[in-house]
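Data first, discussion second: the structure below is written as structure tokens.
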Amino acid sequence: MYSAKITIHLSSNKIRMSKNNLKFNSKTIHGGQQPDKAYGAVMPPIYQTSTYAQSSPGGHKGFEYSRSANPTRTALENSLASIENGNYGLAFGSGLAAIDAVIKLLNPGDEVVSTNDLYGGSYRLFKKIFEKYGITFHFIGMENAASIEDYINSKTKLIWIETPTNPMMNIIDITAVSKLAKKHSVLLAVDNTFATPYLQTPLDLGADIVMHSATKYLGGHSDVVVGALVVKDKELADELYFIQNASGAVCGPMDSFLVLRGIKTLHVRMQRHCENGKAIANFLLNHPKVEKVYWPGFKNHPNYEIAKSQMKDFGGMISFIPKGSSYEDAIKIVEKLKVFTLAESLGGVESLAGHPASMTHASIPKEEREKSGVVDALIRLSVGIEDQEDLIEDLKQAIT
Ligand SMILES: *Cc1c(COP(=O)(O)O)cnc(C)c1O
């Protein structure tokens, strides 16, 4: 059971090899894919089955039980590996399930260094679940990569970063952090949910593990909850696959299909997210009733040069603080928005607005939150792919 999946991956590696020289836009559509073996279906069928007929015990076609492997999920996993320039993809029931699997590589007594401006759910998983099992987490500012070294000791096994960070849009220098990680033989995992491989491919910059909440941009249509990991190294893939199968937080065939379909338009959507993001960031910057705007594409962003060098563009995620800077000022604005929907999540075709302090980051204590800049008045926008003019009009009528 353990080796079956890896064999599938290795055989599909050949398919990837033949399509390896494709550029990114082509890989979103073809990477790791082949027409279905049964009837040549161009889209992988939704193999809605838990089990597979065997001719004699162990005599199967590479699939025996859908927790271990399912052809639709394998198709997604191969696509993920291809677009992130990795060798192995693993798909999970949610982004948090994917993070959970990575932390399960560790043992009691091990330490993790992570950023203080982290997705709230990741912070909660680390603090409220894994600290109980004797793993220690350090949450630190990482805008200057060298400062990480102070927190690395003989017990450190993993550095966990997000860039751009959520919701403060800080940029972490992946290449610099990966050099530190290698120097100290520590694994580096990058949550690439915000950037997506359209903007940056952390494995190429030296990271060991790339993680996604595929719920967001990869799925892209706000209709599914899925998580993903991609790695290059076979031994690491084996260990993660063992955890995926042993703990069982896999994603189902229908959800795998939806993310596969989403990935095929990732590059086109991202291009528009970036164009709209830029227009809205500049609109907010010039608005007299806006106090502060956080977006990595501004030349005065503290890590603009790093963003420019490691990302292809600057994305569609923006945070801002309205003038007045009170909880009520922010609430009034998000309630007035009509084209932007007030909702958790991000990365879908539709524009969303969120209030981190009361929504995505409510699980982080107020003092912790405010230390990293997530103040009560902060509003986060996930800029969608609607017409720019409609989005700007909507913000105009809401920010008064
Ligand atoms: C949403 C999100 C997650 C968690 O993913 P789920 O699919 O909701 O479990 C992790 N990291 C980031 C940056 C996210 O935005």
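Note that this note's numbering has the sequence shown beginning at 1, numbered continuously upward.
Using N, Cα and C, we set each Cβ at its ideal position, and we do this for glycine too.
Since the structure is predicted, the reported quantities are computational estimates derived from the model, not experimental observations.
Item: Please list the terminal residues of the continuous beta strand (DSSP E) segment that includes residue 156.; Value: 156 to 162
Item: Just how far apart, CA to CA, sit residue 142 and residue 47?; Value: 43 Å
Item: Mind checking which residues open and close the alpha helix (DSSP H) that includes residue 253?; Value: 253 to 263
Item: Going straight from the alpha carbon of residue 14 to that of residue 109, what length do you get?; Value: Its pLDDT being 45, under 50, residue 14 is placed unreliably by the model, and nothing is read from it.
Item: Answer yes or no: the CB of residue 415 versus the heavy atoms of ligand 1, is any distance below 7 Å?; Value: The question about residue 415 has no answer here: the residues shown for the chain are numbered 1 through 400.
Item: For residue 392, which of helix, strand or coil comes out of DSSP?; Value: helix
Item: If you scan the stretch 25 to 93 from start to end, which runs of the alpha helix (DSSP H) of 4 or more residues do you find wholly inside it?; Value: 71 to 83
Item: Counting pairs of Cβ atoms below 8 Å between the stretch 90 to 104 and the stretch 337 to 353, do you hit three or more?; Value: no
Item: For the alpha helix (DSSP H) that residue 191 lies in, which residues bound it at each end?; Value: Counting along the chain, residue 191 falls outside any alpha helix (DSSP H), though it belongs to the beta strand (DSSP E) covering 187 to 191.
Item: Under three-state DSSP, which class holds residue 270?; Value: helix
Item: Using the beta-carbon count (16 or more within 10 Å), is residue 202 buried or exposed?; Value: buried
Item: In three-state DSSP terms, what is residue 277?; Value: helix
Item: Determine the direct distance from the alpha carbon of residue 240 to that of residue 90, and round the result to whole angstroms.; Value: 8 Å
Item: Can you tell which of 77, 161, 383 and 74 has the C-alpha that lies nearest to the C-alpha of residue 411?; Value: Outside the displayed range of the chain (1 to 400) lies residue 411, so it cannot be described from this structure.
Item: Compute the Euclidean distance between the alpha carbons of residue 264 and residue 29, then round it to the nearest angstrom.; Value: 5 Å
Item: Give the range of the alpha helix (DSSP H) segment to which residue 196 is assigned.; Value: 196 to 199
Item: Using 8 Å for Cβ pairs, my map puts residue 232 next to residue 347. What's the rounded Cβ distance?; Value: Their Cβ separation, rounded to whole angstroms, is 25 Å, which puts residue 232 and residue 347 out of contact at 8 Å.
Item: Rounded to the nearest angstrom, how far is the Cβ of residue 325 from that of residue 291, given a contact under 8 Å?; Value: 6 Å
Item: Do residue 269 and residue 349 have their C-beta atoms closer together than 8 Å?; Value: yes
Item: Does at least one heavy atom of ligand 1 sit under 7 Å from the Cβ of residue 119?; Value: yes
Item: So what does residue 138 bridge to, in DSSP terms?; Value: 113
Item: Shorter than 7 Å, the distance from the beta carbon of residue 386 to the closest heavy atom of ligand 1, or not?; Value: no
Item: For residue 379, which residues does DSSP report across the bridge?; Value: 320
Item: Given the structure, does residue 194 come close to ligand 1, in the sense that its CB is under 7 Å from one of the ligand's heavy atoms?; Value: yes
Item: How should residue 354 be labelled, buried or exposed, when 16 other C-beta atoms within 10 angstroms of its C-beta is the threshold for buried?; Value: buried
Item: Does the Cβ of residue 333 have 16 or more other Cβ atoms within 10 Å, making it buried, or fewer, making it exposed?; Value: buried
Item: Sorry if obvious, but does the Cβ on residue 95 come closer than 7 Å to a heavy atom of ligand 1?; Value: yes
Item: Here's a check: name, in chain order, each residue in its chain whose Cβ is nearer than 6 Å to the Cβ of residue 163, leaving out the five neighbours to either side.; Value: 171 and 172
Item: Could you check where the beta strand (DSSP E) with residue 352 kicks off and where it finishes?; Value: 352 to 354
Item: Closer than 7 Å by C-beta to residue 255: which residues in its own chain qualify, once you throw out the five before and the five after it? Chain order, please.; Value: 224 and 226
Item: Between the C-alpha atoms of residue 135 and residue 206, what's the straight-line distance to the nearest angstrom?; Value: 24 Å
Item: Under the assumption that residue 158 contacts residue 125 (Cβ atoms under 8 Å), give the Cβ distance between them as a whole number of angstroms.; Value: Their Cβ separation, rounded to whole angstroms, is 13 Å, which puts residue 158 and residue 125 out of contact at 8 Å.
Item: Between 85, 36, 237 and 71, which has its C-alpha nearest residue 102's C-alpha?; Value: 237
Item: Indicate, with yes or no, if ligand 1 has a heavy atom lying under 7 Å from the CB of residue 166.; Value: yes
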